[in-house]
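Chains as they are written, first to last, in the numbering used here: chain A, 1 to 256; chain B, 257 to 270. Backbone N, C-alpha and C define an ideal beta-carbon position, used for all residues, glycine too. As the structure is a computational prediction, the values presented were derived from the model and not from experiment.
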Amino acid sequence: MLEARLEQAGVLKKVVEAIKDLVQDCNFDCNDSGIALQAMDNSHVALVSMSLSHEGFSPYRCDRNIALGINLNSLTKVLRAAQNEDILTLKAADSPDSLNLVFENTERDRSSEYDIKLMDIDQEHLGIPDTDYSATVVLPSAEFQRICRDLSQLSESVTIEASKSSVKFSCSGDIGNGSVNLRQHQDLEKPDQSTSIELVEPVSLTFSLKYLVNFCKASALSPTVKLSLSTDVPLLVEYKMEAGYVRFYLAPKIGD
Amino acid sequence: SQQQGRLDSFFQTI
């Protein structure tokens with residue numbers, strides 16, 4: 001059986017909020033190392049991969065592999081009943097037809113209990129090869145969100161160009177064009193505000209802004225975001241959590 | 257104009 005207690009329900013709330021507009025039904029795969037999820041959007045353009053390590057739970061118990069097939073809209077409805085600071089306990093049997101969720105406030109004088117029906121989801125699983133990326137950029141997640149939102153007003157796609165000292169986001173559309181250039185810099189007082197670039201070789205790739213704007217819903221999970229780019233390889237957008245991550249992969253636009 | 261690629265051509269189903 002699964003029993004997993006999360007100190008802050010907000011972690012799961014933010015994870016679900018980050019991915020629910022990209023995928024609707026998905027398996028939460030539970031085993032002794034933690035809870036993981038991999039799902040592609042309907043058009044097979046984007047993929048989300050989420051991992052919550054057992055270290056993020058206390059206690060965590062999962063005797064055997066359990067796949068929890070969950071409709072994320074349903075889960076969102078139930079999680080609305082939880083405060084971010086509530087303690088959240090997830091429970092499921094070995095071959096479950098429902099997932100039990102208990103929310104307790106920090107004073108421990110209120111507890112709410114919900115059961116959510118599970119579904120059988122036959123999901124494709126993709127093998128994601130280890131990639132040595134040409135460029136890795138770490139920037140504030142709020143900055144990335146602002147850039148994607150602003151440029152999406154002008155165009156459907158953005159070109160990301162990483163060079164040794166800066167990363168440039170540019171787009172052009174019917175009403176005109178726009179670009180944002182971020183120079184590499186280190187903010188010693190507020191490290192989360194820094195922009196860093198690790199470059200093997202300069203790279204320039206074009207991506208759909210609709211998906212990037214969607215990924216940015218994960219900004220609440222982490223003050224920084226990591227973009228990994230290589231020519232003709234899906235973009236990796238990673239939000240790190242204390243005991244896990246949410247990663248998005250986005251297929252590039254190709255050809256002229 | 258550029259075509260949107262799909263992940264199937266980059267990642268293999270396992």
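Next item on the list: Determine the chain B residues that contact A/A288 at a beta-carbon separation under 8 Å, and present them in chain order.
Entry: The question about residue 288 of chain A has no answer here: the residues shown for chain A are numbered 1 through 256.
Item checked: Integer-rounded CB distance, given that A/K253 should sit under 8 Å from B/Q258 -> 4 Å
Note to self: Measuring straight from C-alpha to C-alpha, what distance separates A/P202 and A/E161?
What the structure shows: 7 Å
Checklist line | Alpha-carbon spacing of A/S33 relative to A/R5, whole angstroms | finding: 14 Å
Check: Three or more C-beta pairs closer than 8 Å, one from the segment 210-218 of chain A and one from the segment 18-33 of chain A: is that the case here?
Finding: yes
Checklist line | Exposed unless 16 or more other CB atoms sit within 10 angstroms - verdict on A/G10 | finding: buried
Notebook entry, point to check: Considering only C-alpha positions, which residue in the set A/Y239, A/V48, A/I147 is nearest to A/E124?
Noted result: A/V48
Note to self: Can you pull out the residues from the segment 108-139 of chain A whose beta carbon lies closer than 8 Å to at least one beta carbon of chain B?
What the structure shows: E124, H125, L126, G127, I128, P129
Notebook entry, point to check: In its own chain, which residues sit with a C-beta less than 8 Å from the C-beta of A/D115, not counting the 5 before and 5 after it?
Noted result: S98, L99, N100, L101
Checklist line | Reference A/D29, options A/D63, A/L221, A/V45, A/H185, closest by Cα | finding: A/D63
Next item on the list: Please determine, among A/A82, A/N73, A/E104, the residue with the shortest C-alpha to C-alpha distance to A/M119.
Entry: A/N73
Notebook entry, point to check: Which ranges would you report for the beta strand (DSSP E) in the segment 44-89 of chain A if only whole runs of at least 3 residues count?
Noted result: 46-53, 60-62, 66-71
Checklist line | Whole-angstrom C-beta distance between A/A92 and B/G261, which should lie under 8 Å | finding: That pair is no contact at about 37 Å.
Margin query: Considering just the uninterrupted stretch of the alpha helix (DSSP H) at A/R146, what are its terminal residues?
Written below: 141-152
Check: Near A/A36, which residues of its chain fall below 7 Å by C-beta distance, leaving aside the five closest residues on each side in sequence?
Finding: D29, M50, S51
Note to self: Please identify, using Cβ separations under 7 Å, the residues of the segment 181-204 of chain A that lie next to chain B, in order along the chain.
What the structure shows: none
Next item on the list: Give the DSSP-derived three-state secondary structure of A/N214 in the structure shown.
Entry: helix
Next item on the list: Could you tell me the boundaries of the alpha helix (DSSP H) in which A/V16 lies?
Entry: 9-19
Margin query: Tell me the rounded alpha-carbon separation between A/L229 and A/Q38.
Written below: 20 Å
Notebook entry, point to check: Given that A/I160 touches chain B, what residues does it touch there, using C-beta distances under 8 Å?
Noted result: Within 8 Å Cβ-Cβ: nothing; A/I160 doesn't reach chain B, min ~13 Å.
Checklist line | Residue from A/F248, A/M241, A/H185, A/Y249 whose Cα sits closest to the Cα of A/Q8 | finding: A/M241
Check: Got a sec: is the Cβ-Cβ distance from A/I19 to anything in chain B below 9 Å?
Finding: no
Check: For chain B, is any of its Cβ atoms less than 9 Å away from the one on A/V45?
Finding: yes
Check: Is there contact between the segment 225-239 of chain A and the segment 130-140 of chain A, where contact requires at least three CB pairs shorter than 8 Å?
Finding: yes
Note to self: DSSP three-state label for B/D264, please.
What the structure shows: helix
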